[in-house]
Every structure is written in C-alpha cells, then in structure tokens.
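Quick note on numbering: our numbering labels position 65 of the sequence shown as 66, and the sequence is numbered without any gaps.
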Amino acid sequence: MSDEYLGENLIFIISQPRSGSTLLQRMLSGNKDIKTSAETWLMLHPLYALRSEGITTDYGARWAALALNDFLDNYTDGASVHDSAVRSWAKVFYENALEHGKGRIFIDKTPRYAMILPELLRLFPKARFIFLLRNPMAVLYSELNSFVKDDFNMLSEFRTDLLDAPEQILNGIRQLGDAAIIVRYESLVANPDVEMQRLCSQLGIEYCDAMIDYGATPAAKGFMTDRVGVGKRTRPVADSIDKWRGIANDPQQLHFAQQYLMELDQDVLAGLGYNYDEMLAMVGTGDVDPPGLYPWRLAINRQDDFSMRDKYTHRRYRRRKEKGAVLGPIAATYDLLRETGRILSKAYSRIPR
Numbered sequence: 002m003s004d005e006y007l008g009e010n011l012i013f014i015i016s017q018p019r020s021g022s023t024l025l026q027r028m029l030s031g032n033k034d035i036k037t038s039a040e041t042w043l044m045l046h047p048l049y050a051l052r053s054e055g056i057t058t059d060y061g062a063r064w065a066a067l068a069l070n071d072f073l074d075n076y077t078d079g080a081s082v083h084d085s086a087v088r089s090w091a092k093v094f095y096e097n098a099l100e101h102g103k104g105r106i107f108i109d110k111t112p113r114y115a116m117i118l119p120e121l122l123r124l125f126p127k128a129r130f131i132f133l134l135r136n137p138m139a140v141l142y143s144e145l146n147s148f149v150k151d152d153f154n155m156l157s158e159f160r161t162d163l164l165d166a167p168e169q170i171l172n173g174i175r176q177l178g179d180a181a182i183i184v185r186y187e188s189l190v191a192n193p194d195v196e197m198q199r200l201c202s203q204l205g206i207e208y209c210d211a212m213i214d215y216g217a218t219p220a221a222k223g224f225m226t227d228r229v230g231v232g233k234r235t236r237p238v239a240d241s242i243d244k245w246r247g248i249a250n251d252p253q254q255l256h257f258a259q260q261y262l263m264e265l266d267q268d269v270l271a272g273l274g275y276n277y278d279e280m281l282a283m284v285g286t287g288d289v290d291p292p293g294l295y296p297w298r299l300a301i302n303r304q305d306d307f308s309m310r311d312k313y314t315h316r317r318y319r320r321r322k323e324k325g326a327v328l329g330p331i332a333a334t335y336d337l338l339r340e341t342g343r344i345l346s347k348a349y350s351r352i353p354r
C-alpha cells in the first residue's frame, strides 16, 4: 500500500540501558520540533505476538502465536498483513502524541527495542535510527550502582540487556550500513557541541544551543526515566567516562566484571569499537565461584531457574551474611533439607493408596 506509514516522523534511539540514552534524548529535545516520552515500550508487544518464545502470558503466548500465524497463512495475504496492521497501530500512537505535543518528530527511546531491531528496520524504513554505544563495562558498572546495589539477583532483570543487546545492536548497524547513525557516549559527553552538530546534520534537524545547556528543557514524563544523573545536571559532563574503573576496588563488582567480560564476544566488542584486551588488562580473570562472593552465574539467572545446588549456594551466601562464616553454611544446609523434606512429603501425599 503506497500510503502506508513508514516512520518518516520517527527517530529511534537504540542502546543498552545505562548508556546515556536519557541524556541524548534530553539534549535532542532542545529542538522545539522534537517530542518524546520517557520510554514507550510501544512496539514490543505487537511484534512479539508472532513469537512463540520469549513471552509468557496468562492466555498462552505460544498457542496464540501459532493461531495468529495460522490465520495469517490461511486466510490473509500473509505476514505482510500483520506488518500493515502494526504500522497502522504505530501511526495512531505516534501521530497522536505529536498532535498533543505540537511536534513534528517523535523520539522513541526504548532500550529493549534491541530485541526487535530487525522488525523495526523492516517496518519503518524511513525512520532514523541512532545507535548509542557505550563501553559494556561502564554499562555493567552503572547497572550495579544504580539499580542492583546489594540486591544481586536484580541483575537477572538485565540479562538480555547485558548479554544479548551488544550483538543485536551491532547486527542492526551492519544491516543499515551507511544509514546507521552512530553516537558514542564517551564522545558525546567529552565533546557535546561537536557531536550534537554532527548528529543534527545526519538527522536533518536544526542544531540549537539548548541541546547542550539542557537545564531549561523539560524532562520527559514517565516512570521509565533516569533518576540518577541527567536530572541533577544541566549539561553533559565527562566525569563518568572512566568511572567504571572503580569496579576494581570492589571485590564483588570485580568478580561480576570478570565473568561478564568472559561472556562477551571479542569480535562483537571490536565491531562496536571497544578493545577486549584493554578491558581484560583492567579487570583480569577470576574464579567462577569465588569464596565469600555471590557468583555471577546466579546473579545473571532468575531464581526460578536455579538447580538445587544453585539454591544452596544462594542460601549459603545469604546465611553467611546473616549468621557469619561458621553458622551460615549450617543454616543454609538446614534450609535445604527442610525444603527437600517438604517436596518429598508433597510427592508422597500424591501416591495412590
């Protein structure tokens, strides 16, 4: 259909969380033609409707995807009909937001869009895609000190952002080729004037001083916004570029950094412009299960997926914190035996008599 919505008034910011996307969004919002929200997450659900994995719902997402694909294959012109429907869905939301804000261009900054990047590139060929890159070690450090802190299992909430997003982002850059607009966080905060003028030229929008001194620009409304750094300043500062190196001073964070680096693909890091060997020289290597520390392999996985051994290791760490190095492991063993007893008792009660 020649009049289909192809995203001509859209800018997508694609990045890992804690990569400076809120800062870039705030800076671009200094242009009066640009409107945005904290994060929309708008396109995730309609695009996941065709997926049988990666989504869990009360109604049964796997069966729903099977039924929808059957319907498209047998009673419509195929998947292109779903594409048209999703484009129409997007047009209603984005254009209504622009009408409310009296704007011309809408920025959708949703870090999880890295998970649906191939679909976004297909659906919106006239949209502009900004790929905001940051040293993954700095991303991890920021996650640990802003969201996770001492709740190490919170790290599992960012598993896909940490482990999958770098390669997803690199694939998107390669797919777009010369049309990919790349911004490095380190360059943005070190030379904001130069970087923003270059970016505005690539986007085809007007540069203005309010992009650098963003204090008078209203912050995007919504819960999904940065409450840590951007709102406390009025312009970009470069003091956060090397802050991640402080990870070496905290044994627990250093362990996480060592294991995270082991999971990152060296070629992906190189493709994104970051040097694996330099990171390795900084954090070194370490044990998978270091004594007295919470293991990365547990922190990065959901507790629902823990084995019995994992559950014991988790409890042993918690109990050591509560009761000390001697009584802690004893208490953890008692907890595990008690849970095993409950499981066996429940299983025994189901045996027909």
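From the three backbone atoms N, C-alpha and C, an ideal C-beta is built for every residue, glycine too.
Complete runs of the beta strand (DSSP E) confined to the segment 117 to 171 [at least 3 residues]:
129 to 134
For the segment 37 to 54 against the segment 139 to 157, do three or more pairs of beta-carbon atoms, one drawn from each stretch, fall closer than 8 angstroms, so that the two count as touching?
no
Measuring alpha carbon to alpha carbon, tell me which residue in Met263, Asp311, Gln304 is nearest Asp288.
On the sequence shown, residue 288 is found 287 positions in, with the first residue counted as 1. Per the Cα distances, Met263.
Which of helix, strand or coil DSSP assigns to Lys322:
Position 321 of the sequence shown, counted from the start, is the residue given in the question as residue 322. Lys322: helix per DSSP, three-state reduction.
Could you give the uninterrupted runs of the alpha helix (DSSP H) lying entirely in the segment 180 to 251, keeping only those of 4 residues or more?
186 to 191, 193 to 204
Coarse secondary structure for Lys92, derived from DSSP in three states
What you label residue 92 is simply residue 91 of the sequence shown in a count that begins at 1. The answer is helix: DSSP assigns Lys92 an H, G or I state.
Can you give me the C-alpha to C-alpha distance between Ser53 and Leu122, rounded to a whole angstrom?
In the sequence shown, the residue the question calls residue 53 occupies position 52. In the sequence shown, the residue the question calls residue 122 occupies position 121. So the alpha carbons of these two residues sit roughly 21 angstroms apart.
Neighbourhood of Ala65 by C-beta distance below 8 angstroms, restricted to the same chain and skipping five residues each side
What you label residue 65 is simply residue 64 of the sequence shown in a count that begins at 1. Excluding positions up to five away in sequence, the list reads Ala50, Thr58.
Residue range of the unbroken alpha helix (DSSP H) whose run includes Phe307:
Residue numbering aside, residue 307 sits at position 306 when the sequence shown is read from its first letter. Run containing Phe307: none; DSSP gives neither H nor E here.
How should Leu295 be labelled, buried or exposed, when 16 other C-beta atoms within 10 angstroms of its C-beta is the threshold for buried?
What you label residue 295 is simply residue 294 of the sequence shown in a count that begins at 1. For clarity, residue 295 is Tyr in the given sequence; the question names Leu instead. Counting Cβ neighbours within 10 Å, Tyr295 comes out buried, since at least 16 surround it.
Helix, strand or coil: how does DSSP classify Lys110 here?
Start at 1 with the first residue of the sequence shown, and residue 110 comes out as number 109. Lys110 falls in the strand class under three-state DSSP.
Quick one: grab the DSSP three-state call for Leu11.
Residue numbering aside, residue 11 sits at position 10 when the sequence shown is read from its first letter. Three-state result, Leu11: strand.
In terms of alpha-carbon separation, which member of Ile301, Val269, Ile174, Pro18 lies closest to Ala258?
Residue mapping note: residue 258 aligns to position 257 of the sequence shown, counting from 1. When only C-alpha atoms are compared, the closest one is Ile301.
My output table needs one value for Ile35: the three-state DSSP class, helix, strand or coil.
Walking along the sequence shown from the start, residue 35 turns up at place 34. Of the three classes helix, strand and coil, the one that applies to Ile35 here is strand, per DSSP.
Assuming Asn70 is part of the alpha helix (DSSP H), what are its boundary residues?
Position 69 of the sequence shown, counted from the start, is the residue given in the question as residue 70. Per DSSP, Asn70 belongs to the alpha helix (DSSP H) from 62 to 76.
If you count every other CB in all the chains shown that lies within 10 Å of the CB of His101, and 16 or more means buried, which is it?
On the sequence shown, residue 101 is found 100 positions in, with the first residue counted as 1. Flag for His101 reads exposed.
Span separating the alpha-carbon of Leu11 from that of Gly79:
Residue mapping note: residue 11 aligns to position 10 of the sequence shown, counting from 1. Residue mapping note: residue 79 aligns to position 78 of the sequence shown, counting from 1. C-alpha separation (whole angstroms): 26 angstroms.
Enumerate in chain order the residues of its own chain whose CB-to-CB distance from Ala128 is below 8 angstroms, with the five nearest sequence positions on each side excluded.
Start at 1 with the first residue of the sequence shown, and residue 128 comes out as number 127. Hits under 8 angstroms: Leu7, Gly8, Glu9, Leu11, Ile12, Phe13, Leu121.
Please list, in chain order, all residues of the same chain as Leu265 whose beta carbon is under 7 angstroms from its beta carbon, the five residues on each side excluded.
For the purposes of this step, residue 265 is taken as the residue at position 264 of the sequence shown. Taken in chain order, the residues that qualify are Pro137, Pro167.
Take Pro353 and list the residues in its own chain whose beta-carbon comes closer than 7 angstroms to its own, dropping the five residues that flank it on each side.
Along the sequence shown, one-based indexing puts residue 353 at 352. Cβ neighbours of Pro353 beyond the five flanking positions: none.
Where do the N-terminal and C-terminal ends of the alpha helix (DSSP H) with Pro47 fall, by residue?
Numbered from 1 along the sequence shown, position 46 holds the residue referred to as residue 47. Run containing Pro47: 45 to 49, per the alpha helix (DSSP H) assignment.
DSSP on Pro330, reduced to helix/strand/coil?
Against the sequence shown, residue 330 aligns to sequence position 329. Reduced to three states, the DSSP call for Pro330 is helix.
Considering only heavy atoms of the ligand PLP, does any lie closer than 7 angstroms to the CB of Leu118?
The ligand content of the structure shown is nil, which means the ligand PLP is not present either.
In its own chain, which residues sit with a C-beta less than 6 angstroms from the C-beta of Met2, not counting the 5 before and 5 after it?
For the purposes of this step, residue 2 is taken as the residue at position 1 of the sequence shown. Residue placement at Met2 is poorly supported in this model, since its pLDDT is 49, which falls under 50; the coordinates still yield a value, given next. Hits under 6 angstroms: none found.
Just mark Gly223 as buried or exposed, buried being the case when its beta carbon has 16 or more other beta carbons within 10 Å.
Your numbering for residue 223 matches position 222 in the sequence shown. Exposed, since its Cβ has fewer than 16 Cβ neighbours within 10 Å.
Cα-Cα, which of Ala326, Asp74, Arg234, Asp268 is closest to Val190?
Your numbering for residue 190 matches position 189 in the sequence shown. The shortest Cα separation from Val190 among Ala326, Asp74, Arg234, Asp268 belongs to Arg234.
Minimum C-alpha distance to Tyr186 - residue among Met28, Arg351, Gly104
For this step, residue 186 is matched to residue 185 along the sequence shown. Residue Met28 is the option with its Cα nearest to Tyr186.
With a cut-off of 8 angstroms on the beta carbons, I'd call Gln260 and Trp297 a contact; round off their distance for me.
Numbered from its first residue, the sequence shown carries residue 260 at position 259. Numbered from its first residue, the sequence shown carries residue 297 at position 296. Going by Cβ atoms, the distance from Gln260 to Trp297 rounds to 4 angstroms, so yes, they are a contact pair.
Contact set for Pro330: own chain, Cβ-Cβ below 6 angstroms, skip 5 residues either direction:
Position 329 of the sequence shown, counted from the start, is the residue given in the question as residue 330. Cβ within range, chain order: Arg317.
Grab the span of the alpha helix (DSSP H) containing Ser356 for me, first residue to last.
No answer is possible for residue 356: it lies beyond the span of the chain, which begins at 2 and ends at 354.
Proximity below 8 angstroms, CB of Phe130 to CB of Ala181
Walking along the sequence shown from the start, residue 130 turns up at place 129. Walking along the sequence shown from the start, residue 181 turns up at place 180. The answer is yes: Cβ separation under 8 angstroms.
Residues in the same chain with beta-carbon distance under 8 angstroms from Arg135, minus the five sequence neighbours each way, listed in chain order, please.
Within the sequence shown, numbered from 1, the residue matching residue 135 stands at position 134. The residues are Ser16, Gln17, Arg19, Ser20, Gly21, Arg185, Tyr186, Glu187.
Roughly how many whole angstroms lie between the Cα atoms of Leu171 and Asn276?
Translated into the one-based positions of the sequence shown, residue 171 becomes position 170. Translated into the one-based positions of the sequence shown, residue 276 becomes position 275. Each residue's alpha carbon lies about 15 angstroms from the other.
Alpha carbon to alpha carbon, what distance is there between Gly342 and Gly55?
By one-based count along the sequence shown, residue 55 stands at place 54. By one-based count along the sequence shown, residue 342 stands at place 341. C-alpha separation (whole angstroms): 33 angstroms.
Identity of the residue in Phe107, Ala271, Glu196, Pro291 nearest Leu255 by Cα
Taking the sequence shown and counting its residues from 1, one reaches residue 255 at position 254. If we check each option's Cα against that of Leu255, Pro291 comes out closest.
Can you list, in chain order, the residues of its chain whose CB lies under 6 angstroms from that of Asp336, leaving out five sequence neighbours each side?
Taking the first residue of the sequence shown as position 1, residue 336 is located at position 335. Arg316, listed in sequence order.
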